[in-house]
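Since the structure comes first, as structure tokens, the remarks are kept for the end.
There are 4 protein chains.
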Amino acid sequence: MADQLQPVQVEDGEFKGWFLSPFHDDYVNLIGPFYYLPDVDGKMQVALKVEQRHLNGGGIMHGGCLLSLADTALYVFAVETFKTSGGVTMQLDAHFLSPGNLGDVVIATGEITRAGQSTIFGRGQIKVGDRMVMTFSGVIKRASKSGA
Amino acid sequence: MADQLQPVQVEDGEFKGWFLSPFHDDYVNLIGPFYYLPDVDGKMQVALKVEQRHLNGGGIMHGGCLLSLADTALYVFAVETFKTSGGVTMQLDAHFLSPGNLGDVVIATGEITRAGQSTIFGRGQIKVGDRMVMTFSGVIKRASKSGA
Amino acid sequence: MADQLQPVQVEDGEFKGWFLSPFHDDYVNLIGPFYYLPDVDGKMQVALKVEQRHLNGGGIMHGGCLLSLADTALYVFAVETFKTSGGVTMQLDAHFLSPGNLGDVVIATGEITRAGQSTIFGRGQIKVGDRMVMTFSGVIKRASKSGA
Amino acid sequence: MADQLQPVQVEDGEFKGWFLSPFHDDYVNLIGPFYYLPDVDGKMQVALKVEQRHLNGGGIMHGGCLLSLADTALYVFAVETFKTSGGVTMQLDAHFLSPGNLGDVVIATGEITRAGQSTIFGRGQIKVGDRMVMTFSGVIKRASKSGA
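Here you go:
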């Protein structure tokens, strides 16, 4: 059944041509939507438009919101190494290089550095255009049921 | 003016006696509220009740939500080392030890391990009762203006 | 056979009463010796005396030497959760809080935060007396053969 | 005076054409030598040949030795952003992806992701040929005097 789910393509607006995930995730619904698009090399990009509700008391994107994007993106990078199983994050680290500002489109990209029997290692970066906002790396543990 | 802001104490319900932050934070409003209470040693606890909206597609608390709590808690631990200035997270790492489940009250506690001239180091844990959910550590960079 | 190996107790000098590992490790021989002693709560301490050969070009203990102590200590904390198998480090992170200086005795202590089926999580700190030098955390992957 | 120091080029053997650092570092002398060579893009490579003395009790390269190479390499990547000042590591994290084996030449490469006023962020990887052995990232704090 799951493989009958199709990503929905956005038909207009700033994210025209990007995709929405067909999988239900309450937390991503709360802080998202996140938008997905493979780049020219086939590597997945995960994007979020920074709105007022994503800002902290200092007027910049809350660190937890950036970390939420990083964590979700790490999982997305790992998905193609899944077979019937899913996975859960077991470790994540991040460096905050510059702020996400209101109106920015922050885009996470990355790579899987090792896909082992029980664990998947990855790393990536979040950028606004060419500006580095965050680098991150982490480990996903394979699970028998889907989860993130 | 800032020192006239007073935390608001919760008067009934599960968090009776805990405090709400007097500082406005749109992102914390979105995923929270977070509740605050010093423990018997005076160390601050930061709590969140896990609701349906905090869950991922696998039915457990989204990793990004736990990371958001960790990031916010690290800042809270650092606040007492602030003088006129605030700070921003520059690095955070976390280990995911067990899931946060629907209905759990997850509580972050921790300590500042070094408060230097320009950077503040801390670490902590998120628990449900005695069960470890996450450990984390990070670095806050002091800033001339408040931010997180 | 392995359980017939006994740690050797130091009979005099600064580390009198501490133990040397009975297990052969070329790298620890190169940069060590490391000394071992359970504290009053039964938690293992791992110590190194900082000599000239441990210093970097700036005249303080090289970061790699501190990381080597942290990595070894994490493994030592995990050992008691091993049964017939050993383990290898899969992830480690560290914060450098203050320098290790020539003549210092740096001591690593810590705890296992989760001992799962396939992975063991831990964290700790390296101190000189009461002064914090490093905090660290990491993950050990259980292996079918001993290794570090 | 410092700029009169010249790296020494290796004249024969496996590392012919690579350079040795002109800066004295007791710890690197103990576990090294490390060899340096800019790649075709001008990015510095830092290499170590794995010898018996680098192995742990399990017969593979000790994690601390890999971390020592990572820490040193991070500093080397940062050096070109230094002016009159040096720096010290304030944070480092690493993922262990595959073992370093006896006889391997492990090579660290990487990049600076942000060079700020007081801190420098970087990340990199250690490989044997095309095989990933470690990924790492970290933060260097600028100092008024040279140190690592």
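Chains A, B, C and D are the protein sequences, given in the same order. Under numbering that gives the first Met the number 0, think of the first position of the first sequence as 0, with each following residue one higher. Under numbering that gives the first Met the number 0, think of the first position of the second sequence as 0, with each following residue one higher. Under numbering that gives the first Met the number 0, think of the first position of the third sequence as 0, with each following residue one higher. Under numbering that gives the first Met the number 0, think of the first position of the fourth sequence as 0, with each following residue one higher. Where a beta carbon is used, it is the ideal one built from N, C-alpha and C, also for glycine. These numbers come from a predicted model, not from an experiment.
Sufficient close CB pairs (3 or more, under 8 Å) joining the region 91-98 of chain B to the region 128-137 of chain B:
yes
Can you find a heavy atom of the ligand SAH that lies under 7 Å from the Cβ of Thr-112(C)?
Questions concerning the ligand SAH fall outside what the structure shown contains, since it holds no ligand whatsoever.
Distance check for Glu-10(D) and Lys-15(C), CA to CA, integer angstroms please.
47 Å
Tell me whether Gln-5(C) sits in a helix, a strand or coil according to DSSP, three-state version.
coil
How would you write the range of the alpha helix (DSSP H) that Asp-25(C) sits in, first residue to last?
25-30
Would you kindly work out how many angstroms separate the C-alpha atoms of Val-45(C) and Gly-63(D), rounded to a whole number?
14 Å
Could you check how far apart the C-beta atoms of Tyr-35(B) and Phe-22(B) are, in whole angstroms? I think they sit under 8 Å.
That pair is no contact at about 11 Å.
For Ile-139(A), the nearest candidate out of Thr-108(A), Thr-112(A), Val-87(A) (CA to CA):
Val-87(A)
Are the CB atoms of Gly-123(B) and Phe-76(B) within a distance shorter than 8 Å?
yes
Backbone CA spacing between Asp-25(A) and Val-7(A) [nearest angstrom]
17 Å
Three-state class that DSSP yields for Leu-73(D) in the structure shown:
helix
Residue of Gly-41(B), Lys-42(B), Met-89(B) minimising C-alpha distance to Ile-119(B)
Met-89(B)
Does Gly-63(A) come out as helix, strand or coil in the three-state DSSP assignment?
helix
Over the uninterrupted beta strand (DSSP E) stretch that includes Asp-92(C), give me the two end residues.
85-95
Pairwise C-alpha distance: Leu-4(D) and Gly-41(A)
47 Å
Keeping to the same chain, check which residues put their C-beta closer than 6 Å to that of Arg-141(B); ignore five residues upstream and five downstream.
Ser-84, Gly-86, Ser-117
Whose Cβ in chain B lies nearer than 7 Å to the Cβ of Ser-117(C)?
Within 7 Å Cβ-Cβ: nothing; Ser-117(C) doesn't reach chain B, min ~14 Å.
Along the region 55-77 of chain C, what residues have a CB closer than 9 Å to any CB found in chain D?
Asn-55, Gly-56, Gly-57, Gly-58, Ile-59, Met-60, His-61, Gly-62, Gly-63, Cys-64, Leu-65, Leu-66, Ser-67, Leu-68, Ala-69, Asp-70, Thr-71, Leu-73, Tyr-74
Express the C-alpha separation of Ile-106(B) and Asp-129(B) in angstroms, rounding to a whole number.
10 Å
Is the beta carbon of Leu-66(D) closer than 8 Å to that of Gly-137(D)?
no
Gly-109(C) classed as buried or exposed, judged by whether at least 16 other C-beta atoms fall within 10 angstroms:
buried
Please list the partners that Gln-90(B) has in chain D, where partner means a Cβ-to-Cβ separation under 8 Å.
Gln-90, Val-138
Where does Leu-155(C) sit, in a helix, a strand or coil, going by DSSP?
Residue 155(C) lies beyond the stretch modelled for chain C, which goes from 0 to 147, so this question has no answer here.
Output yes or no for whether 8 Å exceeds the beta carbon distance between Val-27(A) and Thr-80(A).
no
Where does the unbroken beta strand (DSSP E) through Gln-44(B) begin, and where does it stop?
43-48
Verify the CB distance criterion: does Thr-134(C) have a CB-CB separation below 8 Å to chain B?
yes
Express the C-alpha separation of Glu-50(D) and Ile-111(B) in angstroms, rounding to a whole number.
40 Å
Reference Met-43(A); option with closest CA among His-53(A), Gly-58(A), Ser-20(A), Ile-30(A):
Ser-20(A)
Inspect the beta-carbon positions of Ala-69(B) and Ile-125(B) and report whether they are closer than 8 Å.
yes
Am I right that Ile-59(C) and Gly-102(C) are in contact with their C-beta atoms under 8 Å? What's the rounded C-beta distance?
Contact flag wrong, Cβ pair sits at about 12 Å.
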